[in-house]
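Enquirer:
Number of protein chains: 2
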Amino acid sequence: MALDQERVEEAALRILELLCRQGSVSAEARELDETAELTEELLRGAGFETRQLRVGGGPAAVYGELRGRGNYTLLLYNHYDVQPVGPLELWESPPFEPTLRDGKLFARGAADNKGEFAVRLAVVRALREAERELPLTLRWIVEGEEEIASPHFDEIVRAHVEALGADGCLWEGVTARLSDGRASVAVGFKGMLAVRLDVRLLESDAHSAAAAVVPSAPWRLLEALASLRDSDGAVRIDGFYDPVQGATEAERQAIAAASETMEAGLREAVGIDSFIDDLTGAALREEASFRPTCNIAGIKSGYSGPGFKAVLPAEASAWLDFRLVPDQRPDKVLALLRSHLERHGFDEIEVTVMGTAESAGTSIDHPLVQRVVRIAEEVTGQPPSIIPRMGATLPIITSLQRHLDVPGVAAPDNPFYWGSRAHAPNEHIRLEDIGHAIKFTHSLFLNLASPPSRLLRLASSRLRRASTWF
Amino acid sequence: MALDQERVEEAALRILELLCRQGSVSAEARELDETAELTEELLRGAGFETRQLRVGGGPAAVYGELRGRGNYTLLLYNHYDVQPVGPLELWESPPFEPTLRDGKLFARGAADNKGEFAVRLAVVRALREAERELPLTLRWIVEGEEEIASPHFDEIVRAHVEALGADGCLWEGVTARLSDGRASVAVGFKGMLAVRLDVRLLESDAHSAAAAVVPSAPWRLLEALASLRDSDGAVRIDGFYDPVQGATEAERQAIAAASETMEAGLREAVGIDSFIDDLTGAALREEASFRPTCNIAGIKSGYSGPGFKAVLPAEASAWLDFRLVPDQRPDKVLALLRSHLERHGFDEIEVTVMGTAESAGTSIDHPLVQRVVRIAEEVTGQPPSIIPRMGATLPIITSLQRHLDVPGVAAPDNPFYWGSRAHAPNEHIRLEDIGHAIKFTHSLFLNLASPPSRLLRLASSRLRRASTWF
Numbered sequence: 011m012a013l014d015q016e017r018v019e020e021a022a023l024r025i026l027e028l029l030c031r032q033g034s035v036s037a038e039a040r041e042l043d044e045t046a047e048l049t050e051e052l053l054r055g056a057g058f059e060t061r062q063l064r065v066g067g068g069p070a071a072v073y074g075e076l077r078g079r080g081n082y083t084l085l086l087y088n089h090y091d092v093q094p095v096g097p098l099e100l101w102e103s104p105p106f107e108p109t110l111r112d113g114k115l116f117a118r119g120a121a122d123n124k125g126e127f128a129v130r131l132a133v134v135r136a137l138r139e140a141e142r143e144l145p146l147t148l149r150w151i152v153e154g155e156e157e158i159a160s161p162h163f164d165e166i167v168r169a170h171v172e173a174l175g176a177d178g179c180l181w182e183g184v185t186a187r188l189s190d191g192r193a194s195v196a197v198g199f200k201g202m203l204a205v206r207l208d209v210r211l212l213e214s215d216a217h218s219a220a221a222a223v224v225p226s227a228p229w230r231l232l233e234a235l236a237s238l239r240d241s242d243g244a245v246r247i248d249g250f251y252d253p254v255q256g257a258t259e260a261e262r263q264a265i266a267a268a269s270e271t272m273e274a275g276l277r278e279a280v281g282i283d284s285f286i287d288d289l290t291g292a293a294l295r296e297e298a299s300f301r302p303t304c305n306i307a308g309i310k311s312g313y314s315g316p317g318f319k320a321v322l323p324a325e326a327s328a329w330l331d332f333r334l335v336p337d338q339r340p341d342k343v344l345a346l347l348r349s350h351l352e353r354h355g356f357d358e359i360e361v362t363v364m365g366t367a368e369s370a371g372t373s374i375d376h377p378l379v380q381r382v383v384r385i386a387e388e389v390t391g392q393p394p395s396i397i398p399r400m401g402a403t404l405p406i407i408t409s410l411q412r413h414l415d416v417p418g419v420a421a422p423d424n425p426f427y428w429g430s431r432a433h434a435p436n437e438h439i440r441l442e443d444i445g446h447a448i449k450f451t452h453s454l455f456l457n458l459a460s461p462p463s464r465l466l467r468l469a470s471s472r473l474r475r476a477s478t479w480f
Numbered sequence: 011m012a013l014d015q016e017r018v019e020e021a022a023l024r025i026l027e028l029l030c031r032q033g034s035v036s037a038e039a040r041e042l043d044e045t046a047e048l049t050e051e052l053l054r055g056a057g058f059e060t061r062q063l064r065v066g067g068g069p070a071a072v073y074g075e076l077r078g079r080g081n082y083t084l085l086l087y088n089h090y091d092v093q094p095v096g097p098l099e100l101w102e103s104p105p106f107e108p109t110l111r112d113g114k115l116f117a118r119g120a121a122d123n124k125g126e127f128a129v130r131l132a133v134v135r136a137l138r139e140a141e142r143e144l145p146l147t148l149r150w151i152v153e154g155e156e157e158i159a160s161p162h163f164d165e166i167v168r169a170h171v172e173a174l175g176a177d178g179c180l181w182e183g184v185t186a187r188l189s190d191g192r193a194s195v196a197v198g199f200k201g202m203l204a205v206r207l208d209v210r211l212l213e214s215d216a217h218s219a220a221a222a223v224v225p226s227a228p229w230r231l232l233e234a235l236a237s238l239r240d241s242d243g244a245v246r247i248d249g250f251y252d253p254v255q256g257a258t259e260a261e262r263q264a265i266a267a268a269s270e271t272m273e274a275g276l277r278e279a280v281g282i283d284s285f286i287d288d289l290t291g292a293a294l295r296e297e298a299s300f301r302p303t304c305n306i307a308g309i310k311s312g313y314s315g316p317g318f319k320a321v322l323p324a325e326a327s328a329w330l331d332f333r334l335v336p337d338q339r340p341d342k343v344l345a346l347l348r349s350h351l352e353r354h355g356f357d358e359i360e361v362t363v364m365g366t367a368e369s370a371g372t373s374i375d376h377p378l379v380q381r382v383v384r385i386a387e388e389v390t391g392q393p394p395s396i397i398p399r400m401g402a403t404l405p406i407i408t409s410l411q412r413h414l415d416v417p418g419v420a421a422p423d424n425p426f427y428w429g430s431r432a433h434a435p436n437e438h439i440r441l442e443d444i445g446h447a448i449k450f451t452h453s454l455f456l457n458l459a460s461p462p463s464r465l466l467r468l469a470s471s472r473l474r475r476a477s478t479w480f
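As you go down the protein sequences, you meet chains A and G in turn. Using our numbering, the first residue of the first sequence is number 11, and each one after it goes up by one. Using our numbering, the first residue of the second sequence is number 11, and each one after it goes up by one.
1) Would you call the segment 196-210 of chain A and the segment 399-413 of chain A in contact, with 3 or more CB pairs under 8 Å?
2) Whose CA, out of A:226, A:249 and A:126, lies closest to the CA of residue 423 of chain A?
3) Does any C-beta atom of chain G lie closer than 8 Å to the C-beta of residue 223 of chain A?
4) Using a 10 Å radius around the Cβ and a threshold of 16 neighbouring Cβ atoms, would you call residue 478 of chain G buried or exposed?
5) Put residue 143 of chain A into one of helix, strand or coil per three-state DSSP.
6) What three-state label does DSSP hand residue 335 of chain A in the structure shown?
7) With 8 Å as the C-beta to C-beta threshold (strictly closer), list the residues of the segment 250-277 of chain G near chain A in chain order.
8) Alpha carbon to alpha carbon, how far is residue 175 of chain A from residue 90 of chain A?
9) Helix, strand or coil for residue 229 of chain G per DSSP?
10) Please report the Cβ distance between residue 481 of chain G and residue 439 of chain G, rounded to the nearest whole angstrom; I am assuming they are in contact, meaning their Cβ atoms lie under 8 Å.
11) Below 7 Å on C-beta distance, what does residue 356 of chain G contact in chain A?
12) How about residue 239 of chain A: is its C-beta nearer than 8 Å to some C-beta of chain D?
13) With a 10 Å radius around its C-beta and 16 neighbouring C-beta atoms as the bar for buried, classify residue 416 of chain G as buried or exposed.
14) Once the 5 residues before and after residue 452 of chain A are set aside, which same chain residues still bring their CB inside 6 Å of it?
15) Quick check on DSSP: helix, strand or coil for residue 286 of chain A?
16) Name the chain A residues that come within less than 7 Å of residue 424 of chain G, Cβ to Cβ?
17) State the beta-bridge partners of residue 304 of chain A as determined by DSSP.
18) Between the alpha carbons of residue 130 of chain A and residue 434 of chain A, how many angstroms are there, rounded?
19) Hey, how far is the Cα of residue 157 of chain A from the Cα of residue 357 of chain A?
20) Do the segment 85-102 of chain G and the segment 20-34 of chain G meet, that is, are 3 or more Cβ pairs less than 8 Å apart?
21) Run through chain A and tell me which residues come within less than 8 Å of residue 307 of chain G, C-beta to C-beta.
22) Using beta carbons (cut-off 8 Å, strictly below), is residue 289 of chain G in contact with chain A?
23) Note down, one range per segment and in chain order, each beta strand (DSSP E) of at least 3 residues found wholly within the segment 66-111 of chain A.
24) Does the beta carbon of residue 281 of chain A sit closer than 8 Å to a beta carbon anywhere in chain G?
25) Take the Cβ of residue 190 of chain G as the centre, count every other Cβ of all protein chains shown within 10 Å, and call the residue buried at 16 or more, exposed below.
26) Ignoring anything shorter than 3 residues or poking outside the segment 30-68 of chain G, list the beta strand (DSSP E) runs there in chain order.
27) Buried or exposed: residue 316 of chain A, going by 16 or more other Cβ atoms within 10 Å of its Cβ?
28) Taking residue 213 of chain G as the query, report the chain A residues whose CB atoms sit under 8 Å from its CB, ordered along the chain.
29) Which runs of the beta strand (DSSP E) at least 3 residues long sit entirely within the segment 185-217 of chain G? Give them in chain order.
30) What residue from G:301, G:99, G:347 and G:103 has the CA that sits closest to residue 336 of chain G's CA?
31) Consider the Cβ of residue 359 of chain G: report whether some Cβ of chain A lies at a distance smaller than 8 Å.
32) Quick check: is the beta carbon of residue 154 of chain A nearer than 8 Å to any beta carbon in chain G?
33) Would you check if the distance between the CB atom of residue 82 of chain G and the CB atom of residue 459 of chain G is smaller than 8 Å?
34) Return the bridge partner residues of residue 400 of chain A from the DSSP annotation.
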């Protein structure tokens with residue numbers, strides 16, 4: 011079935027601009043109801059039966075269903091909320107006035123995650139104009155709290171197991187077209203334990219003249235932190251690595267065959283010449299995917315303004331996140347951390363849990379993954395770059411797997427790229443990526459539920475071996 | 011010569027209230043000219059010949075001279091500037107509206123250091139009313155930058171060596187009356203090296219998902235800090251302790267005989283039950299006086315707001331102060347610190363000097379000190395509590411000693427006490443301490459230049475042995 015590519019691109023852009031005019035900042039509880047209503051209206055206009063799902067005091071998650079031919083049901087996940095805009099003066103155009111410049115659309119949320127929603131919706135509309143019915147049933151959930159770690163999502167999923175049930179799920183997707191022309195596919199995410207450590211040894215700050223006799227909260231915190239990690243980054247908490255399983259052979263092969271894009275992109279994003287241990291290529295990607303970490307996200311004590319204040323601080327705090335690999339459970343790591351601190355005599359250090367997420371993903375050999383990989387190859391003419399496990403964490407996956415038992419994948423239907431500046435000022439997408447994402451999405455909706463024979467001629471021999479009909 | 015104590019107390023209080031209405035916050039360059047003019051006018055009214063000393067862009071230091079009988083010249087040091095008011099909402103009355111409450115005067119600067127200036131001036135006035143001439147010549151310098159570490163003071167002293175020359179100096183003084191009824195005397199101050207350590211490893215913050223491969227500035231800073239100090243507080247920089255001389259026998263005796271006030275006061279001020287190593291009594295005071303320290307005054311990296319932000323910070327900073335004992339030169343310690351960091355491979359850590367001060371003081375056996383001690387004993391009826399070396403630092407002493415070679419002492423002519431909350435909200439003095447400070451100051455001005463015979467009957471045998479005429 012032919013696609014009027016240009017027309018669908020224009021439609022996607024219009025939808026995206028409409029959504030980007032909404033300042034739906036979840037951290038500020040801003041314009042969430044309005045954006046949920048706009049999202050619902052857009053789904054309704056494309057033929058979905060919709061409703062708003064709410065639990066507790068959270069904003070609505072928008073739900074829609076569009077019945078199609080055949081027995082295959084695909085669940086789509088997106089979010090309509092966005093990050094705060096950050097330093098407004100760094101934006102070259104107002105964050106909530108979508109602006110076309112240099113072949114790009116600038117707006118908060120353009121890349122994360124309104125662009126993907128717009129692409130998916132534009133493709134659905136085009137398919138429905140061509141034939142009355144899609145070859146598969148779509149269910150869609152668009153939540154409003156992803157940027158604040160989806161605090162109500164698990165409860166929403168648990169309360170609507172029937173409505174959300176599906177054969178496969180497309181999570182928030184990954185780059186539609188890497189710089190080497192390949193599509194990218196991600197199948198797993200690390201888990202996380204985020205904690206705050208607080209030490210308070212005095213009721214109020216002392217003059218630092220008393221340092222010879224008054225105990226120091228920042229020194230005490232530093233000793234505790236130093237006990238957690240070697241200088242090579244190895245975590246020194248007993249038992250931390252016990253459940254860690256290495257990468258499977260399939261994962262190693264995928265990592266080896268993946269694009270260098272992550273390396274170049276990360277290098278440019280943070281402005282460094284070399285990575286830890288001068289890692290490059292497959293070794294770098296393997297470390298990023300499979301090594302659990304203990305990161306200091308923040309630390310604060312005493313005076314940090316201009317000049318100098320000779321104070322002995324009463325308290326000190328550190329914010330840590332542990333990124334975890336499969337079988338490293340956050341609750342177990344928390345227990346190990348607590349007993350480590352106790353065993354080393356750091357009784358005065360208070361541990362507060364700031365967030366947890368299980369490591370989650372889908373096996374690279376899973377038929378859904380293999381089908382997405384083949385479709386991506388069909389569209390781009392080359393095998394996609396597969397990341398078995400992102401360094402990031404996507405808490406929603408755990409809920410989808412736990413309550414719905416639905417396999418999922420982050421597919422290349424997202425019109426963003428390494429330079430999109432998601433979460434930063436001047437967030438944008440390249441217009442060309444809308445076209446790439448549409449091509450993949452169109453092919454996916456048409457072919458996901460088809461018997462494999464239709465695709466066989468396009469698949470590489472390596473992929474053909476691994477794939478099975480599902 | 012009898013003193014109309016009540017009348018002088020009232021005069022001191024009036025002068026103090028007048029000065030405390032000036033919001034002379036040096037850190038904010040606020041009302042400094044006005045306060046310098048008021049100070050000069052007050053000195054002029056008491057018979058001083060005055061002028062304003064200025065160097066660079068700094069505010070004026072007010073200078074005055076009042077010639078008296080005899081050959082002894084005493085230099086008085088005070089400062090008219092005050093600390094910022096801090097959180098205004100914590101003040102029970104406006105900081106620059108001096109308020110009498112519960113036998114106390116509340117105002118920013120009441121304790122630090124306008125109260126002492128008012129007491130000294132009220133006593134001078136009373137003496138001049140009684141006799142036309144004082145028995146000694148007074149020279150007085152009142153600077154306006156003490157609370158920001160006296161950045162122009164050294165140059166001012168160097169430029170006015172002749173005008174400031176004297177036989178002895180009263181530095182900013184110490185508590186007129188401790189809770190056990192004794193006066194206090196301090197003769198030495200620790201030196202200081204204040205530095206900021208900065209590590210910047212990335213151009214911008216990374217997502218903490220990249221922690222497995224991107225180097226961490228806060229972890230690197232923590233490693234460097236951990237290398238500087240043992241958990242028992244011992245500094246691990248090679249050569250740091252080499253020049254350290256222990257306390258002299260006279261200093262040890264003074265420490266042993268000193269009041270417990272510092273212990274109780276400090277305990278209450280910071281709200282702790284016990285000090286490092288459960289130190290108490292003379293052992294605690296000895297440690298506070300003679301142990302050099304490495305203190306973390308501040309540390310900051312990454313996100314420290316509400317909630318959690320999964321960031322891998324691009325940079326990290328720490329503010330350290332080393333408190334130094336005699337013969338530990340700040341420039342030498344700085345060189346040792348730099349070579350320590352270099353030798354341990356911390357090349358990426360940038361060291362910025364934020365301030366230095368030499369350890370400085372006067373020998374406890376010095377005739378000026380012994381004379382002040384004897385006068386304090388005369389006034390209170392018991393030997394004063396002598397601190398050979400405060401944990402704090404008074405940079406002005408180095409300038410006075412270097413350029414003028416004038417011995418000095420922190421005498422009990424200051425109407426403040428442990429609970430005065432200098433630098434904090436609700437700064438105040440107790441009215442009764444004005445009376446105590448006046449009694450000491452009056453006796454000092456009358457007797458400092460007198461032959462020892464007049465005082466002999468009052469001195470303890472121990473003190474008599476050590477004293478010599480000067």
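Using N, Cα and C, we set each Cβ at its ideal position, and we do this for glycine too.
Expert: Taking the coordinates as given:
1) Flag = yes, the segment 196-210 of chain A and the segment 399-413 of chain A touch.
2) Residue numbering aside, residue 423 of chain A sits at position 413 when the first sequence is read from its first letter. Taking each of A:226, A:249 and A:126 in turn and checking the Cα distance to residue 423 of chain A, the smallest one comes out for A:126.
3) As a position in the first sequence, residue 223 of chain A is number 213, starting the count at 1. It does; some Cβ of chain G falls within 8 Å.
4) As a working mapping, residue 478 of chain G is identified with position 468 in the second sequence. Reliability of the predicted coordinates at residue 478 of chain G is poor, the pLDDT of 28 falling under 50, and no value is obtained from them.
5) Indexing the first sequence from 1 puts residue 143 of chain A at position 133. Three-state result, residue 143 of chain A: coil.
6) Your numbering for residue 335 of chain A matches position 325 in the first sequence. Correct three-state label for residue 335 of chain A: coil.
7) Hits within the stretch, in order: 276.
8) Counted from its first residue, the first sequence places residue 175 of chain A at position 165. Counted from its first residue, the first sequence places residue 90 of chain A at position 80. Their Cα atoms are separated by approximately 21 Å.
9) For the purposes of this step, residue 229 of chain G is taken as the residue at position 219 of the second sequence. If DSSP states are grouped into helix, strand and coil, residue 229 of chain G belongs with the helices.
10) Nothing can be reported for residue 481 of chain G: it is not among the residues displayed for chain G, which extend from 11 to 480.
11) Counting from 1 along the second sequence, the entry for residue 356 of chain G is found at position 346. Those within 7 Å of residue 356 of chain G in chain A number zero; the least Cβ separation is about 11 Å.
12) The displayed structure is made up of protein chains A and G, and chain D is not among them.
13) Start at 1 with the first residue of the second sequence, and residue 416 of chain G comes out as number 406. Answer is buried; the Cβ neighbour count reaches 16.
14) In the first sequence, residue 452 of chain A corresponds to position 442, counting from 1. Only 13 and 133 meet the Cβ criterion.
15) Position 276 of the first sequence, counted from the start, is the residue given in the question as residue 286 of chain A. Three-state result, residue 286 of chain A: helix.
16) As a working mapping, residue 424 of chain G is identified with position 414 in the second sequence. Within chain A, no C-beta atom comes nearer than 7 Å to that of residue 424 of chain G; the closest sits roughly 16 Å away.
17) Counted from its first residue, the first sequence places residue 304 of chain A at position 294. Residue 304 of chain A pairs with A:332.
18) Walking along the first sequence from the start, residue 130 of chain A turns up at place 120. Walking along the first sequence from the start, residue 434 of chain A turns up at place 424. Whole-angstrom Cα-Cα distance: 24 Å.
19) Taking the first residue of the first sequence as 1, we reach residue 157 of chain A at position 147. Taking the first residue of the first sequence as 1, we reach residue 357 of chain A at position 347. A direct Cα-Cα distance of roughly 34 Å separates residue 157 of chain A from residue 357 of chain A.
20) Three or more pairs of CB atoms, one per stretch, sit closer than 8 Å, so the segment 85-102 of chain G contacts the segment 20-34 of chain G.
21) Against the second sequence, residue 307 of chain G aligns to sequence position 297. The answer, in chain order, is 218, 312, 313, 318, 319, 320, 321, 322 and 323.
22) For the purposes of this step, residue 289 of chain G is taken as the residue at position 279 of the second sequence. With respect to chain A, the C-beta atom of residue 289 of chain G has a partner C-beta closer than 8 Å.
23) Positions of the beta strand (DSSP E) runs, each at least 3 residues long and wholly inside the segment 66-111 of chain A, are given as 71-76, 83-89 and 109-111 in order along the chain.
24) Indexing the first sequence from 1 puts residue 281 of chain A at position 271. For residue 281 of chain A, the answer is yes, since a Cβ of chain G falls inside 8 Å of its Cβ.
25) The residue labelled residue 190 of chain G in the question sits at position 180 within the second sequence. Of the residues assessed, residue 190 of chain G falls on the exposed side of the cut-off, its CB having fewer than 16 other CB atoms within 10 angstroms.
26) DSSP runs (the beta strand (DSSP E)) wholly in the segment 30-68 of chain G: 59-63.
27) Taking the first sequence and counting its residues from 1, one reaches residue 316 of chain A at position 306. Within a 10 Å sphere around the beta-carbon of residue 316 of chain A sit fewer than 16 other beta-carbons, which makes this residue exposed.
28) For this step, residue 213 of chain G is matched to residue 203 along the second sequence. Ordered by position in chain A, the residues that pass the 8 Å Cβ test against residue 213 of chain G are 280, 281 and 282.
29) The DSSP assignment places complete beta strand (DSSP E) segments of no fewer than 3 residues inside the segment 185-217 of chain G at 194-196 and 201-210, in order along the chain.
30) Here residue 336 of chain G refers to the residue found at position 326 of the second sequence. That would be G:301, whose Cα lies nearest to the Cα of residue 336 of chain G.
31) Position 349 of the second sequence holds residue 359 of chain G. Chain A contact via Cβ: absent.
32) Position 144 of the first sequence holds residue 154 of chain A. For residue 154 of chain A, the answer is no, since every Cβ of chain G falls outside 8 Å of its Cβ.
33) Position 72 of the second sequence, counting from 1, holds the residue named residue 82 of chain G. Position 449 of the second sequence, counting from 1, holds the residue named residue 459 of chain G. For the pair residue 82 of chain G and residue 459 of chain G, the CB atoms are nearer than the 8 Å cut-off.
34) Here the question's residue 400 of chain A lines up with position 390 in the first sequence. According to DSSP, residue 400 of chain A bridges with A:199.
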